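Read through the structure below, which is laid out as structure tokens, and then see the notes.
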Amino acid sequence: MAKITLSNLRHSYYPNPSEPSDYALKEIDLDWNDGGAYALLGPSGCGKSTLLNIISGLLVPSEGRILFDDKDVTDLPPDRRNIAQVFQFPVIYDTMTVYDNLAFPLRNRGRDEVTVKTRVTAIAEMLELTDMLSQKAAGLSPDNKQKISMGRGLVREDVNVVMFDEPLTVIDPHLKWKLRSKLKELHQRIKATMIYVTHDQTEALTFADQVVVMQDGEVVQIGTPVELFERPAHTFVGHFIGSPGMNVLPCSLIDGQAYFTDHPVALEGAISGSPKGRTEIGIRPEFVTLAKSGLSATVSKVSDVGRHTVVECDAGGSKIRAIISGAGPEKGAPVFLNFQQNQTRLYVDGWIATHAQEAQS
Amino acid sequence: MQKRSIVPIIYILFLLLPIYWLVTMSFKTTNEILGGFSLFPQTFTLENYRVIFTDPTWYWGYINSISYVTLNMVISIAVALPAAYAFSRYRFLGDKQLFFWLLTNRMAPAAVFALPFFQLYSAVGLFDTYLAVALAHCLFNVPLSVWILEGFMASVPKELDETAYVDGYSFPRFFVTIFLPSIKAGVGVAAFFCFMFSWVELLLAKTLTAVAAKPIAAIMTKTASSAGYELGLLAAAGTLTIIPGAIVIYFVRNYIAKGFAMGRV
Amino acid sequence: MKTVNQKGWFFVLPVLLLVAFNALIPMMTVVNYSVQETFGNNLFLWEGLTWFQQLLTEERFYKALGRQFMFTGLILVIEVPLGIAIALSMPRQGIWVPVCLILMALPMLIPWNVVGAMWNIFTLPDIGLLGYFLNNVLGINYDMTQDPIAAWVTIITMDVWHWTSLVVLLAYAGLVSIPDAYYQAAKIDGASNWSVFRFIQLPKMKPVLTIAILLRFMDSFNIYTEPFVLTGGGPGNSTTLLSIDLVKRALGQFDLGPAAAMSLIYFAITLLVSWLFYTLMTKDDLN
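Chains as they are written, first to last, in our numbering: chain A, 46 to 406; chain B, 182 to 446; chain C, 30 to 316.
As structure tokens, then:
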């Protein structure tokens, strides 16, 4: 087990990258703490799999170093890094039994059969594979096959980090949550560093203690699920996490006061620095309320999503969503919207630009 | 990576050497060939090719071969398509036995069938026609086509058929406008193999023809015995038999490997 | 799941008729000959199983059969591992892939008698590239019209030249269908190159290799044209394979009865061995 440090990491699939757009990964500096459960979240093509393959050693980065416990491993091949990786599709050795599959990484490293047996039995127990140990792996269901791939990673006692590359893609929906909670449980028992790559926010938020959100080859925010939800550092995070995502409204700034159309909007706190560039207001639908007075808008769509109602309004050409409890107004009805002040933030060129209010007792 | 590519390079050189020898020889005069060993033509000549392109007994051989090969390709694919569809979609009484029986026909040595074929096709009055050779070659090409097409069809989800019926397509219209385009790679691969095995086969083709439909390969053997040792001419004729195959394989180069991988075992 | 639908027979009917016409009628003719004696002029005499008995006690038949098995065994032992080795060392992507595939498939597209003639010319000691090279440059006394061993080496080399590409193509098809993740997982698991071959590449190639071995068995067991054109079965009878012997009987000596009986035994052996191969190679998949 180890702490993993990525320093000044850049990667391009082109031999001679010149422009920033040539890079699949742009300048990544990250520390993954020993024993943490991390999720790497982002849309397809954001560079998360590239990053994963760089950590596992399947790819050598164009620039930068990777350190495991302050030891430089950048040039080490995967098998000498002591990492484990679980792929999108279950990778198993068809001709071997489940037992031999699990024993394979240990035998390749020359462990004696007694050690192999102890480890394999223990891991099979944890993964509930004990009954199948003598079966051929080829005939199993996808979720059991995926458990075997996980087991092959966990069976090694010295593993530095276990990485999961969208491991639930081929699993039936009703088994997904089961396998996910199994993973969470495994993490608590084994205490290995785990990195879970996904584009599914539910998977990321339920698995991880810390979520790393990526976009266009850059890390946009690192935080606990609650932090990501409550204080998105970037409008992209606001959009990507939450359902529906955060409202992002164009605004203008006059003497430190934000205006949406002509309507003054109260922000959570002081604006940092002197903002130049595109300014926007971000507020989550959960904190928009309908009231007797406020920003006037017209209801354009009402959808009942079970426990609450999503009301979509049109105000000054922008779409604003509000989540309210109980029945919503009619479509076309004029309404007034209020923004909860401590949840209303200013974003400049996409990045957050307001300070949180000091907690007042 | 770079080091191991030496293996395919050596293999390809090994494959090309005999072909190179045939091609060089076709540009030599018979006198030069018999006169002694030379790596390159000393007196480069196109005379051998001129003979082939101007003498009807020669060039008709090519026309005959291409005609029955094409006919065989069309017949084989046309009958194999519905059969492959049935094998890939339905279960019916005796389907497995039938499939295996079809495959066993590839195992029959052509030498076994040569004489009975001659009698059969003479009896039905097809002797020395393109149709006779085309039908005879169906013996091994139809089972192969059924087998290849079945593999491709099995990989097309059954939901495609069902959706089309729900949308109100009749079976023939569905088959031609929706199903066929989705397995066109398979049809290409099957056609390629039909071409290949029909083009290279000689024993049956020779047995079933006399004059009117005689294949080029048979004309070569006949000329070899009657005109003495016209090696240059033979080499030119041989070289020309490689060209149609080379053209066909160029068109299906991206599918051949795949076509095999999809066949079922 | 496939639906049970007897309509399937209707779709299979054209194939059935066509193949039955080509297979059953000639086969019946062969069976008919095999139990009769003919003196021409449509005069036939019932002979029962005489021809079969005669054939099965005859040394000539067993010798031809032995040569046939030796030939098929040798080419399988050479072509299958060689084909796999070549497929493994081929590039997986890039412009060289189609170039390799086209060049490799070329020998398979040449008419069989041209293949025989080509190798004949190629190996002539005085004017053939290979024959000349062996005799005059390496100083080996090579003449396949005189020396049975040279004749055998030549027909085996010719078949390797002609058909190894089939194994290459099939094995290659199996190889490119293996997802990258398998190789990556093996790397992480610390597998050696041999383990990667043994536990990933070989199992994934198994279905296509089964096809390759079956096709190569059937076709080499039935081979006629190429060795006939190349050596004519000689020198002596040293390269007289089963089918060459068969044709010699049927057309050369016009012994239709014994030839027909031989055809049937020949066919039965091919069928039996193919079935054995098939059952052995697919036995693991069934349970």
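C-beta: ideal position from N, C-alpha, C; glycine also.
This one's a predicted model, so the numbers in the text were calculated from it and none came from an experiment.
Pro136 of chain C: contacting residues in chain A (beta-carbon distance under 9 Å): Locating residue 136 of chain C in the third sequence gives position 107, where the first residue counts as 1. Neighbours of Pro136 of chain C on chain A: none; closest Cβ ~33 Å, over 9 Å.
So which residues of chain C does Thr140 of chain A contact, with C-beta pairs closer than 7 Å? For this step, residue 140 of chain A is matched to residue 95 along the first sequence. The contacting residues are Phe228 and Pro232.
Give the C-beta separation of Leu70 of chain A and His56 of chain A to the nearest angstrom, bearing in mind that I take them to be a contact with Cβ-Cβ under 8 Å. Position 25 of the first sequence, counted from the start, is the residue given in the question as residue 70 of chain A. Position 11 of the first sequence, counted from the start, is the residue given in the question as residue 56 of chain A. Sure, about 4 Å apart at Cβ, within 8 Å.
Can you have a look at Lys192 of chain A and say buried or exposed, based on whether 16 or more other CB atoms are within 10 angstroms of its CB? The sequence position of residue 192 of chain A within the first sequence is 147, counting from 1. Buried: at least 16 other Cβ atoms inside 10 Å.
Short-range partners of chain B found in the segment 262-283 of chain C, where Cβ spacing is below 9 Å: Leu271, Ser272, Ile273, Leu275, Val276, Ala279 and Leu280
7 Å CB neighbourhood of Ser257 of chain B in its chain, flanking five on each side removed: Start at 1 with the first residue of the second sequence, and residue 257 of chain B comes out as number 76. Answer for Ser257 of chain B: Cys319, Asn322, Val323, Ser326 and Cys375, listed in chain order.
Can you name the residues that DSSP bridges to Gln65 of chain C? Position 36 of the third sequence, counted from the start, is the residue given in the question as residue 65 of chain C. Paired residue(s): C:Trp75.
Is any beta-carbon of chain C found at less than 8 Å from that of Trp241 of chain B? Here the question's residue 241 of chain B lines up with position 60 in the second sequence. Not one chain C Cβ lies under 8 Å of Trp241 of chain B.
Spell out a yes or no on whether the segment 206-214 of chain B and the segment 409-422 of chain B are touching, meaning 3 or more CB-CB pairs, one atom from each, closer than 8 Å. yes
So if I threshold CB-CB distances at 8 Å, which residues from the segment 370-391 of chain B count as touching chain C? Met377, Trp380, Val381, Glu382, Leu383 and Leu384
Looking only at C-alpha atoms, which of C:Leu42, C:Leu130 and C:Val258 sits nearest to Thr183 of chain C? Working through the third sequence from its first residue, we reach residue 183 of chain C at position 154. The candidate whose alpha carbon is nearest that of Thr183 of chain C is C:Val258.
Presumed contact (8 Å Cβ cut-off) between Ser303 of chain C and Phe226 of chain C, rounded CB distance: The sequence position of residue 303 of chain C within the third sequence is 274, counting from 1. The sequence position of residue 226 of chain C within the third sequence is 197, counting from 1. With a Cβ gap of about 27 Å, Ser303 of chain C and Phe226 of chain C do not count as contacting.
Taking all protein chains shown into account, do 16 or more other C-beta atoms lie within 10 angstroms of the C-beta of Asp188 of chain C, making it buried, or fewer, making it exposed? As a position in the third sequence, residue 188 of chain C is number 159, starting the count at 1. Its Cβ being crowded by 16 or more others within 10 Å, Asp188 of chain C is buried.
If you drop the 5 nearest sequence neighbours on each side, which residues of the same chain put their C-beta closer than 6 Å to that of Ile423 of chain B? Numbered from its first residue, the second sequence carries residue 423 of chain B at position 242. Answer for Ile423 of chain B: no residue qualifies.
Alpha carbon of Leu196 of chain B to alpha carbon of Val118 of chain A, nearest angstrom: Residue 196 of chain B sits at position 15 when you count from the first residue of the second sequence. Residue 118 of chain A sits at position 73 when you count from the first residue of the first sequence. Roughly 46 Å between the two C-alpha positions.
For the segment 204-216 of chain C, which residues have a beta carbon sitting closer than 7 Å to at least one beta carbon of chain A? Pro208, Ala210, Tyr211, Gln213, Ala214 and Lys216
Would Arg121 of chain C be called buried (16 or more neighbouring beta carbons within 10 Å of its own) or exposed? For this step, residue 121 of chain C is matched to residue 92 along the third sequence. So Arg121 of chain C counts as exposed.
Please tell me whether Leu315 of chain C has its Cβ less than 8 Å away from any Cβ of chain B. By one-based count along the third sequence, residue 315 of chain C stands at place 286. With a pLDDT of 44 at Leu315 of chain C, under the threshold of 50, the predicted position of this residue should be treated as unreliable, though the coordinate-derived value follows. Taking Cβ atoms only, chain B never reaches closer than 8 Å to Leu315 of chain C, which makes this a no.
Where the alpha helix (DSSP H) containing Cys129 of chain C begins and where it ends: For the purposes of this step, residue 129 of chain C is taken as residue 100 along the third sequence, with counting starting at 1. Taken as a continuous stretch (DSSP letters only), the alpha helix (DSSP H) holding Cys129 of chain C covers Trp125 to Ala134.
Since Met334 of chain B contacts Tyr266 of chain B with CB under 8 Å, what's their CB separation in whole angstroms? The residue labelled residue 334 of chain B in the question sits at position 153 within the second sequence. The residue labelled residue 266 of chain B in the question sits at position 85 within the second sequence. The pair is a contact, with the Cβ atoms about 6 Å apart (cut-off 8 Å).
Three-way DSSP call (helix, strand, coil) for Tyr462 of chain A in this model: Coverage of chain A is limited to positions 46 through 406, which leaves residue 462 of chain A absent and any answer about it impossible.
Bounding residues of the alpha helix (DSSP H) (the contiguous stretch that carries Val357 of chain B): As a working note, residue 357 of chain B is residue 176 in the second sequence. That residue, Val357 of chain B, is in no alpha helix (DSSP H); it is neither H nor E in DSSP.
Distance, Leu220 of chain A Cα to Ile18 of chain C Cα: Residue 18 of chain C is absent from the structure shown; chain C starts at 30 and stops at 316.
If you count every other CB in all the chains shown that lies within 10 Å of the CB of Ser269 of chain B, and 16 or more means buried, which is it? Position 88 of the second sequence, counting from 1, holds the residue named residue 269 of chain B. It is buried - the Cβ of Ser269 of chain B has at least 16 other Cβ atoms within 10 Å.
Applying the 10 Å Cβ sphere with the 16-neighbour rule, what's the burial state of Trp380 of chain B? If you number the second sequence from 1, residue 380 of chain B lands on position 199. Classification for Trp380 of chain B: buried.
Cβ separation of Glu228 of chain B and Thr210 of chain B, assumed to be a contact under 8 Å, to the nearest whole Å: Position 47 of the second sequence, counted from the first residue, corresponds to residue 228 of chain B. Position 29 of the second sequence, counted from the first residue, corresponds to residue 210 of chain B. The Cβ separation is near 7 Å, so the contact holds.
Confirm, please, whether the CB-CB distance from Leu312 of chain A to Leu391 of chain A is below 8 Å. Start at 1 with the first residue of the first sequence, and residue 391 of chain A comes out as number 346. Start at 1 with the first residue of the first sequence, and residue 312 of chain A comes out as number 267. Yes, the pair counts as a contact, with Cβ atoms nearer than the cut-off.
Report the neighbours of Ala129 of chain A on chain C: residues whose CB is nearer than 9 Å to its CB, in chain order. For this step, residue 129 of chain A is matched to residue 84 along the first sequence. Within chain C, the residues near Ala129 of chain A are Ile217 and Asp218.
Name the DSSP bridge partner or partners of Ala398 of chain B? On the second sequence, residue 398 of chain B is found 217 positions in, with the first residue counted as 1. None, per the DSSP bridge assignment.
Pairing CB atoms from the segment 258-277 of chain C with CB atoms from the segment 158-177 of chain A, are three or more of them under 8 Å? no
If we ignore side chains and look at the alpha-carbon of each, how far apart do Thr186 of chain C and Leu138 of chain C end up? Looking up residue 186 of chain C in the third sequence gives position 157. Looking up residue 138 of chain C in the third sequence gives position 109. The straight-line gap from Cα to Cα measures roughly 17 Å.
Assuming contact is defined by CB atoms lying nearer than 8 Å, are Val204 of chain A and Gly196 of chain A in contact in what I supplied? To locate residue 204 of chain A, count along the first sequence from 1; it is residue 159. To locate residue 196 of chain A, count along the first sequence from 1; it is residue 151. Result no, Cβ atoms of Val204 of chain A and Gly196 of chain A do not sit closer than 8 Å.
Pair within 8 Å by beta-carbon distance, Ile368 of chain A and Leu335 of chain A: Looking up residue 368 of chain A in the first sequence gives position 323. Looking up residue 335 of chain A in the first sequence gives position 290. Cβ distance not < 8 Å, so Ile368 of chain A and Leu335 of chain A don't count as in contact.
Contact criterion: CB-CB distance below 8 Å. Does Phe132 of chain A meet it with respect to chain C? As a working note, residue 132 of chain A is residue 87 in the first sequence. Yes, Phe132 of chain A lies at the interface with chain C (some Cβ there is under 8 Å from its Cβ).
If Ile318 of chain C sits next to Ser249 of chain C, beta carbons under 8 Å apart, how far is it from one beta carbon to the other, in whole angstroms? In this structure chain C extends from 30 to 316, so residue 318 of chain C is not present and cannot be described.
Beta strand (DSSP E) runs contained entirely in the segment 240-326 of chain A, provided each spans 3 or more residues: 255-260, 263-268, 292-295, 297-299, 302-305 and 308-310
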